[in-house]
Amino acid sequence: MDSNLLEDQSARKKKKIFFIIFIICLFAVIISTIIYGFTVLKRHAESQSPSTNSVRAIQVVCSVTWYPHHCIASISAQRRRRHPFSKNDPSMIFTLSLHVAINELKPLISLPKKLASKTRNHQINSALKDCGKLLNYSVSQLNRSLISSDGKKSMANETMIGDLTAWIRSGISNIDKCLKGLESMKSEWRVASE
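117 is the number that UniProt numbering gives to position 117 of the sequence shown; each next residue is one higher, with no gaps.
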C-alpha cells in the first residue's frame, strides 16, 4: 500500500508541476499576445496620423531654401491635400516639392505676355517673349520630373536620379536666364514706361 500511496503522491506532484508549467506558459503567451497587439495598434495609429517625422523632414528640406517658412507652409499644405496619412517618405516629400514648384510657376507663365502688351519697345518685348518661353519650358521640365518620380517607391535608380537632376537644373537655369534678361532690360523698361 505504501508503494501505491507513494506512486499516487508522485503522480499528483507531477500533475501539479505540469499544471504550473502549463499555467506559466499560457500566461507568457497571453502577455506576449497583448504586447504584440499593442505594438501593432501603436504602429497602425502612427501610420494613420500625420507623422511628426514628416514635418521634421519637410523642415530639413526647406531649411536650405531662400524662403524656408513659405517652403514649409507650401509643402505641408500639399501633403495635407495629397498624402494626409502617409509615413515619412523622402520620395513623397520630393514629389510634393515638385507640385509646389509647378503650382508657383504656372501663374508666372502668362506674366511676360501681359507685361509685353504694355510696352512697344522691341528689345523689351523680345526679352519678355523669351522669358515666357523659358518659364513655360521650366514648368514642362518640372512636370517631366514629376511624372517620372510620381508613384515610385524607390528613386534609387541612378539613371532616374540623373534625369530628374538634369530636368530640375534646366528648369532653374531657365528661370535664372529669364530673371537676368529682365534685369538687363530694367533701364530700358524705365525709359519706355516714361
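Glycine is no exception: its CB is placed at the ideal position from the N, C-alpha and C atoms.
Endpoints, alpha helix (DSSP H) assigned at R81: 68-82
Determine the closest residue to E104 out of I75, A116, N121, with distance taken between C-alpha atoms. I75
Taking Cβ to Cβ, would you say P107 is nearer than 8 Å to C131? no
Under 8 Å by Cβ, that's how I've got A101 and L142 pegged, so tell me the actual separation to the nearest angstrom. Cβ atoms of A101 and L142 come within 8 Å of each other, at about 6 Å.
Less than 8 Å separating the beta-carbons of S140 and D163? no
Exposure of L134, with buried meaning 16 or more beta-carbon neighbours within 10 Å: By the neighbour-count rule (16 or more Cβ atoms within 10 Å), L134 is buried.
Does T65 pass the burial test, meaning 16 or more other C-beta atoms within 10 Å, or should it be called exposed? So T65 ends up on the exposed side.
CA-to-CA distance, A127 to I168, given in whole angstroms: 22 Å
Assuming S138 contacts I93 under a Cβ cut-off of 8 Å, what Cβ separation, rounded to an integer in Å, is found between them? A Cβ-Cβ separation of about 21 Å leaves S138 out of contact with I93 under the 8 Å criterion.
Does DSSP put N143 in a helix, a strand or coil? helix
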